[in-house]
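Note that the sequence shown covers residues 19 to 369 in the numbering used here. One structure is given here, and the rest of the page talks about it.
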Amino acid sequence: MQKSIERIAGDSDGVSYEFPVLRLAGADKTAPSAYLQAALHAGELPGVVAIDALMPMLNKAEAEGRIRGNITIVPWANPIGRAQYHFGEHQGRFHLGTRTNFNRGFPLLAAPDARLLPDATFGGADQRLKSRLVQLSLGHDIVLDLHCDDEGLAYLYVHTSLWPGMADCAAAMGVDAVVLWSEDTDGTFEGASIMPYQNASADVAKFDRRVATTVEYRGILDVNGALAKSDAEGLYRLLVARGVISDTALPAPGPFKGVAAPLENIDMMPAPRGGAVLYDVKPGDRVTRGARLATIVHAPGEADGRTEVFAPQDGIILTRRSRRIIRSGEDLLKLVGDRKSADARSGTLED
Ligand SMILES: [Zn+2]
Numbered sequence: 019m020q021k022s023i024e025r026i027a028g029d030s031d032g033v034s035y036e037f038p039v040l041r042l043a044g045a046d047k048t049a050p051s052a053y054l055q056a057a058l059h060a061g062e063l064p065g066v067v068a069i070d071a072l073m074p075m076l077n078k079a080e081a082e083g084r085i086r087g088n089i090t091i092v093p094w095a096n097p098i099g100r101a102q103y104h105f106g107e108h109q110g111r112f113h114l115g116t117r118t119n120f121n122r123g124f125p126l127l128a129a130p131d132a133r134l135l136p137d138a139t140f141g142g143a144d145q146r147l148k149s150r151l152v153q154l155s156l157g158h159d160i161v162l163d164l165h166c167d168d169e170g171l172a173y174l175y176v177h178t179s180l181w182p183g184m185a186d187c188a189a190a191m192g193v194d195a196v197v198l199w200s201e202d203t204d205g206t207f208e209g210a211s212i213m214p215y216q217n218a219s220a221d222v223a224k225f226d227r228r229v230a231t232t233v234e235y236r237g238i239l240d241v242n243g244a245l246a247k248s249d250a251e252g253l254y255r256l257l258v259a260r261g262v263i264s265d266t267a268l269p270a271p272g273p274f275k276g277v278a279a280p281l282e283n284i285d286m287m288p289a290p291r292g293g294a295v296l297y298d299v300k301p302g303d304r305v306t307r308g309a310r311l312a313t314i315v316h317a318p319g320e321a322d323g324r325t326e327v328f329a330p331q332d333g334i335i336l337t338r339r340s341r342r343i344i345r346s347g348e349d350l351l352k353l354v355g356d357r358k359s360a361d362a363r364s365g366t367l368e369d
């Protein structure tokens, strides 16, 4: 394993950012290559500790000559967000200097060619970081961006062009659900990883071996040794299943048994009032139309001081908020409905 340090210039003299890149060289030039990054939203750490648990498995494979395709790993993809503390609280989702979400504003190239990247020299440190992450990842057959939700199941975002082709990956990783999307107007890292291939010729696009996904490893507090180990094993199974690593002892993944639904089936349930949230449901619960999802206590003890929120359709609870204070209009949870949501949203679900 080779380690190198990337440096991103800050926006004023004396400030720069660094992050490590780990590389394992594959022995077979024709084998699929893989790129993994974690903590682009800098406070989302389940993927960071999964990579920590994965590395000994990769080092062992390397020592035994079983690495077939090149592997590039960026365990801390966002040194800018990692350093952002605001009134004592970590703020890793938005760049404080611009209020831009760190997982938006990636360049969506017309073709998978790094020469098409816009010049980020004067674009701000966060743009330089995004440009560099695209450069590092571009050209890999497999691109995994490891995130987490507030509280949630393990699930993937996958572009429709890669489904059901990636069902083996979802099975290998052991995720509970897959959310399928088709348009990206905001420039997510995943969008930057798959949109350049949409108009490419078949020999470049290689959709039969391509993987691009945002991995949502449950909730923000689901950072522990047991989950890190099982997630690392899932990542390893994916790398073996797709031929990046050879391991004859590992069986091929079975069929994916989780939920796969289009993004338009998701109900986000904006809160009708602000207040304290009492949830009736948790991630993984199956609900039927009309079931109470939550009660918002906005005027404690008063006659009309509570507002109840009910399921608009049958479905499964994918996520809910990790905090219990809410403003009116903020989303209470993600309900993956059995059919299209009356409040269907396109593009990214959240700011
Ligand atoms: Zn995230």
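By construction, the Cβ of each residue, glycine as well, lies at the ideal position given by its N, Cα and C atoms. Small disclaimer: the values here were computed from a predicted structure and weren't measured.
Would you say the beta carbon of residue i comes nearer than 8 Å to a heavy atom of ligand 1?
i	result
residue 62	yes
residue 121	yes
residue 54	no
residue 58	yes
residue 165	yes
residue 236	no
residue 100	no
residue 84	no
residue 111	yes
Exposed or buried, what is residue i when buried is set at 16 or more other beta-carbons lying within 10 Å of its beta-carbon?
i	result
residue 74	exposed
residue 42	buried
residue 217	exposed
residue 301	buried
residue 31	exposed
residue 314	buried
residue 121	buried
residue 161	buried
residue 103	exposed
residue 233	buried
residue 96	buried
residue 144	buried
residue 110	buried
residue 246	buried
Please name the residue, chosen from the options, that lies closest to residue i on a Cα-to-Cα basis.
i	options	result
residue 296	175, 341 and 63	341
residue 304	355, 268 and 238	355
residue 244	72, 312 and 316	72
residue 307	328, 100 and 287	328
residue 369	193, 28 and 113	113
residue 272	282, 289, 256 and 285	256
residue 67	133, 169 and 250	250
residue 269	260, 275 and 276	260
residue 99	362, 63, 133 and 89	63
residue 198	347, 279 and 50	279
residue 248	69, 51 and 48	69
residue 274	317, 79 and 195	195
residue 285	246, 24 and 367	367
residue 165	219, 207 and 138	207
residue 52	277, 361, 276 and 258	258
Assuming residue i and residue j form a contact by the criterion Cβ under 8 Å, report the distance between their Cβ atoms to the nearest whole angstrom.
i	j	result
residue 173	residue 336	6 Å
residue 152	residue 125	6 Å
residue 46	residue 86	4 Å
residue 191	residue 142	Their Cβ separation, rounded to whole angstroms, is 34 Å, which puts residue 191 and residue 142 out of contact at 8 Å.
residue 350	residue 344	7 Å
residue 93	residue 38	7 Å
residue 127	residue 214	4 Å
residue 262	residue 49	6 Å
residue 229	residue 163	The Cβ separation is near 11 Å, so there is no contact.
residue 357	residue 331	6 Å
residue 123	residue 205	5 Å
residue 156	residue 225	With a Cβ gap of about 16 Å, residue 156 and residue 225 do not count as contacting.
residue 291	residue 325	5 Å
Please confirm whether residue i has its beta-carbon closer than 9 Å to some beta-carbon of chain E.
i	result
residue 291	Absent here is chain E; the protein component of the structure consists of one chain.
- request: Just list the alpha helix (DSSP H) runs in the segment 78-117, keeping only unbroken ones of 4 residues or longer that don't cross its boundaries, in chain order.
  value: 97-100
- prompt: Can you give, in chain order, each stretch of the beta strand (DSSP E) that sits fully within the segment 232-320 and has at least 3 residues?
  reply: Runs of the beta strand (DSSP E) inside the segment 232-320: 277-280, 293-297 and 310-315.
message: In chain order, what are the residue ranges of uninterrupted alpha helix (DSSP H) at least 4 long that sit wholly in the segment 158-189?
response: Counting whole runs of 4 or more residues, the segment 158-189 contains no alpha helix (DSSP H) stretch at all.
- prompt: Which parts of the segment 340-369 are runs of the beta strand (DSSP E), unbroken and 3 residues or longer, counting only runs that do not cross its ends?
  reply: 351-355
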